[in-house]
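Engineer:
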Amino acid sequence: MAQQVRGVIARAKGEPVRIETITVPDPGPGEAVVKVQACGVCHTDLHYREGGINDDFPFLLGHEAAGVVESVGAGVTEVAPGDFVILNWRAVCGQCRACLRGRPQYCFDTHNAKQKMTLADGTELSPALGIGAFAEKTLVAAGQCTKVDPEASPAAAGLLGCGVMAGIGAAINTGGVGRGDSVAVIGCGGVGNAAVVGARLAGAAKIIAADIDDKKLRTAKELGATHTVNSRTTEPVAAIRELTGGNGADVVIEAVGRPETYEQAFYARDLAGTVVLVGVPTPEMKIELPLLDVFGRGGALKSSWYGDCLPSRDFPMLIDLYRQGRLDLDAFVTETIALEDVEKAFERMHHGDVLRSVVTF
Numbered sequence: 001m002a003q004q005v006r007g008v009i010a011r012a013k014g015e016p017v018r019i020e021t022i023t024v025p026d027p028g029p030g031e032a033v034v035k036v037q038a039c040g041v042c043h044t045d046l047h048y049r050e051g052g053i054n055d056d057f058p059f060l061l062g063h064e065a066a067g068v069v070e071s072v073g074a075g076v077t078e079v080a081p082g083d084f085v086i087l088n089w090r091a092v093c094g095q096c097r098a099c100l101r102g103r104p105q106y107c108f109d110t111h112n113a114k115q116k117m118t119l120a121d122g123t124e125l126s127p128a129l130g131i132g133a134f135a136e137k138t139l140v141a142a143g144q145c146t147k148v149d150p151e152a153s154p155a156a157a158g159l160l161g162c163g164v165m166a167g168i169g170a171a172i173n174t175g176g177v178g179r180g181d182s183v184a185v186i187g188c189g190g191v192g193n194a195a196v197v198g199a200r201l202a203g204a205a206k207i208i209a210a211d212i213d214d215k216k217l218r219t220a221k222e223l224g225a226t227h228t229v230n231s232r233t234t235e236p237v238a239a240i241r242e243l244t245g246g247n248g249a250d251v252v253i254e255a256v257g258r259p260e261t262y263e264q265a266f267y268a269r270d271l272a273g274t275v276v277l278v279g280v281p282t283p284e285m286k287i288e289l290p291l292l293d294v295f296g297r298g299g300a301l302k303s304s305w306y307g308d309c310l311p312s313r314d315f316p317m318l319i320d321l322y323r324q325g326r327l328d329l330d331a332f333v334t335e336t337i338a339l340e341d342v343e344k345a346f347e348r349m350h351h352g353d354v355l356r357s358v359v360t361f
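With UniProt numbering, letter number 76 in the sequence shown gets 76, and the count goes up by one each step, no holes.
1. With a threshold of 16 other CB atoms inside 10 Å of the CB of asparagine 54, please say whether the residue is buried or exposed.
2. Is leucine 125 near glutamate 31, with beta carbons less than 8 Å apart?
3. Run through the DSSP bridge pairs and tell me what histidine 227 is partnered with.
4. Valine 294: beta carbon under 7 Å from a heavy atom of the ligand NAD?
5. Give a yes or no on whether the C-beta atoms belonging to glycine 40 and leucine 159 are separated by under 8 Å.
6. Just how far apart, CA to CA, sit isoleucine 186 and alanine 120?
7. Taking all protein chains shown into account, decide if glycine 198 is buried (16 or more other Cβ within 10 angstroms of its Cβ) or exposed.
8. Please go through the same chain and pick out, in chain order, the residues whose beta-carbon is closer than 6 Å to the beta-carbon of proline 127, but skip the five residues on each side of it.
9. Between cysteine 42 and histidine 63, is the Cβ-Cβ spacing less than 8 Å?
10. Quick test of your reading: threonine 234 and isoleucine 207, contact by CB under 8 Å. State the CB separation rounded to the nearest angstrom.
11. Less than 8 Å between the C-beta atoms of leucine 223 and asparagine 193, yes or no?
12. Are the region 102 to 118 and the region 128 to 147 touching by the rule of at least three beta carbon pairs closer than 8 Å?
13. Measure from the alpha carbon of glycine 190 to the alpha carbon of each residue in Ser312, Gly130, Cys162, then state which is nearest.
14. Does DSSP put cysteine 99 in a helix, a strand or coil?
15. With H, G and I counted as helix, E and B as strand and the rest as coil, what does DSSP make of glycine 190?
16. Might you give, ordered along the chain, the residues of its own chain that have their beta carbon closer than 7 Å to the beta carbon of glutamate 70, omitting 5 neighbours on each side?
17. Only counting the same chain, and skipping five residues up and downstream in sequence, which positions put a Cβ closer than 6 Å to that of glycine 169?
18. What does glutamate 20 pair with, by DSSP beta-bridge criteria?
19. For serine 153, tell me which candidate among Pro25, Ala38, Met317, Ala10 has the shortest Cα-Cα distance.
20. Could you tell me how far apart the beta carbons of proline 259 and isoleucine 287 are, in whole angstroms, since I believe they sit closer than 8 Å?
21. Counting only the same chain and skipping the five closest in sequence on each side, list residues whose C-beta sits under 7 Å from that of arginine 200.
In structure tokens form, the structure reads like this:
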């Protein structure tokens, strides 16, 4: 029987979000209903509200979530009612050319629930990243549920659903950071600081964090950065080169998503080094680099989408590290808030006051 719950809705571009009653249908074949326990407030949700993703309003926001499976539809075998899960937006198909080549982390045909959640008047909702977890319950494809250790804190675990996984994966999966490497991270918000953590987990010998905010740089230092650079007062390329013997870093992770910081990342890497773009640019942004420099410096220029993660592989492993005390996910939870406080959390995000506000139910 369909259920009615409360959810955070963005009805039109730029309008403040509101709490409304939504209808969650019973799960159909391959689907699951999840009782949400916690959901992080991510910049992507703000992009949806601002029309920066698409204009399929109204949106049911929220996607960085953990909770408990309440019910499943026909044919679901990967999870069962009662399982504690992290929600993901890479439910791999198993049939596309990437999956068939053994690279499911690049799946080209990820899927979501086929049924739609609706407003009380029947208006269909577009769930953020196919999840829509600023709600007491949500309907997703069963493949979007990754079972993990139920002893993990939901507020911390849910952050692996997007931002923290994106940063850790940018370092480990995309950047291929190895033991003894030098790493520079440009932009130390939630994703950038997660990249710092990923570089530390991978055994990097030198981790240089660059940002224009001293508060964010202090956090980066606490999370494992060995050096910090305030780009407002110090030219970051020169500083990163000086800290790496004049050579540049082996891996430079750009976590801002702007042409000027990408250019900094390009010139701050060592010859044959790697640049990883994990910051999300806007559609109108363009980059111009001398093609001879691209050729002459060698190495790799990569983009990292969701940290090139495979949820079924990465989420349980990272939760195990968290439970062992080797990965401090709790450090990313700046505050826990109520569903009604999401709009205020967007305002705090603008001011750079938080790594993550997390809605808890």
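The beta-carbon is built from N, C-alpha and C at its ideal position, and this holds for glycine as well. Just so we're clear, the structure is a prediction, and the values are computed from it rather than from any experiment.
Structural biologist: A quick look at the data gives this:
1. So asparagine 54 ends up on the exposed side.
2. no
3. Bridge partners of histidine 227: Ile208.
4. Absence of the ligand NAD is noted for the structure shown, with no ligands found whatsoever.
5. Their beta carbons are under 8 Å apart, which means glycine 40 touches leucine 159 by this criterion.
6. 44 Å
7. buried
8. These residues qualify, in order along the chain: Leu60.
9. yes
10. Contact flag wrong, Cβ pair sits at about 17 Å.
11. yes
12. yes
13. Cys162
14. helix
15. helix
16. Val33, Val34, Lys35, Pro81, Lys137
17. Gly307, Asp308, Cys309
18. Gly7
19. Ala38
20. 5 Å
21. The answer, listed in chain order, is Ile207, Gly224.
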